[in-house]
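Data block below; observations after.
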Ligand SMILES: C[S@@+](CC[C@H](N)C(=O)[O-])C[C@H]1O[C@@H](n2cnc3c(N)ncnc32)[C@H](O)[C@@H]1O
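Listed below in structure tokens is the structure:
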């Protein structure tokens, strides 16, 4: 009997995945991340760094849920995504919302690796879990540098991604308590923190690395232990409590597969 080959992870299969998500789920918050408590923690951390005179680029904006939140605080926001179905959903969201907010936002179908904007056009650039959908580490770095190209010198690149280091750390705690290891999502390629930081060092200085270890420990270790053998629900009251605690005490033992890199573009 011949073993079935694992399908090769290519750009096309990931693109098709996001196109299907956009078509099937539209403006549903769950289209781009299942855990809304986590999304809010991460987005609130980013919002604290957005100012009223900022011109923001949101790369890999999905169906525009968080883009609209940034628009409530910035001067202007451009959201781009390579999946046309995601951009249609984002435009639908903007059209059905508050008109003065929508007037501050534009959505465009674009690829993170080839942005159509001139150099230094934006004062802040945001990217939430977009790089991990680029299956080639060299292209992930190209996309980060491209974000740097369109960012003003001294401006912040707020990059929230999943790292292999963070993922391994969550699994270390899970194993410690007899839980199965979490798998890498099939369509994702997690960042290696050391090589990623080395590769972008010419463009960015690292201002901060925000880890959501308290929420990670409570939601990915304590919660599963409480409900095993069932799977914990993302929207369970326990995760709401975990998020409340994490707002007061954000990190615990770096037990978070998600990491927010606060990067400042170097002035040359
Ligand atoms: C996990 S979702 C995150 C969406 C949004 N940032 C959020 O936090 O809700 C990743 C998004 O990145 C988009 N994406 C992946 N690769 C991309 C690329 N090379 N260029 C532009 N968008 C991309 C996908 O279509 C998808 O909408």
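Numbering (my numbering), first residue to last: 5 to 272.
The beta-carbon is built from N, C-alpha and C at its ideal position, and this holds for glycine as well.
Beta-carbon proximity of residue i to residue j, cut-off 7 Å
| i | j | result |
| --- | --- | --- |
| residue 215 | residue 255 | yes |
| residue 127 | residue 58 | yes |
| residue 270 | residue 209 | yes |
| residue 38 | residue 242 | no |
| residue 93 | residue 83 | no |
| residue 62 | residue 71 | yes |
| residue 51 | residue 77 | yes |
| residue 113 | residue 155 | no |
| residue 119 | residue 150 | yes |
| residue 281 | residue 41 | Examination of residue 281 is not possible in this model, given that the chain is present from 5 through 272 alone. |
| residue 81 | residue 87 | no |
| residue 212 | residue 266 | yes |
For residue i, three-class secondary structure by DSSP
| i | result |
| --- | --- |
| residue 50 | helix |
| residue 187 | coil |
| residue 13 | coil |
| residue 156 | strand |
| residue 38 | coil |
| residue 27 | helix |
| residue 127 | strand |
| residue 265 | strand |
| residue 207 | coil |
| residue 80 | strand |
| residue 234 | coil |
| residue 63 | strand |
| residue 165 | strand |
Rounded straight-line distance, which links the Cα of residue j to that of residue i
| i | j | result |
| --- | --- | --- |
| residue 116 | residue 167 | 19 Å |
| residue 21 | residue 35 | 11 Å |
| residue 236 | residue 229 | 9 Å |
| residue 5 | residue 18 | Unreliable positioning characterises residue 5 in this predicted model, as indicated by a pLDDT of 43, which lies under 50. The coordinate reading is nonetheless provided below. If you take the alpha carbons of residue 5 and residue 18, they lie about 29 Å apart. |
| residue 253 | residue 223 | 14 Å |
| residue 219 | residue 14 | 32 Å |
| residue 227 | residue 263 | 21 Å |
| residue 193 | residue 233 | 28 Å |
| residue 106 | residue 91 | 14 Å |
| residue 12 | residue 140 | 12 Å |
Identity of the residue in the options nearest residue i by Cα
| i | options | result |
| --- | --- | --- |
| residue 123 | 157, 109 and 102 | 157 |
| residue 217 | 235, 258 and 82 | 258 |
| residue 55 | 232, 233, 163 and 159 | 159 |
| residue 60 | 162, 46 and 140 | 162 |
| residue 187 | 175, 195 and 181 | 175 |
| residue 268 | 182, 207, 121 and 23 | 207 |
| residue 225 | 181, 23 and 121 | 181 |
| residue 79 | 89, 53, 109 and 96 | 109 |
| residue 89 | 48, 250 and 26 | 26 |
| residue 190 | 212, 96 and 137 | 137 |
7 Å Cβ cutoff, residue i in contact with chain C
| i | result |
| --- | --- |
| residue 22 | The displayed structure is made up of one protein chain only, and chain C is not part of it. |
(request) Mind the definition here: the stretch 52-71 touches the stretch 121-136 only if three or more C-beta pairs lie below 8 Å; say whether that holds. (result) yes
(request) Would you be able to state if there are at least three C-beta pairs under 8 Å between the stretch 142-149 and the stretch 20-35? (result) no
(request) Please confirm if the stretch 160-179 is in contact with the stretch 85-103, defined as three or more CB-CB distances below 8 Å between the two stretches. (result) no
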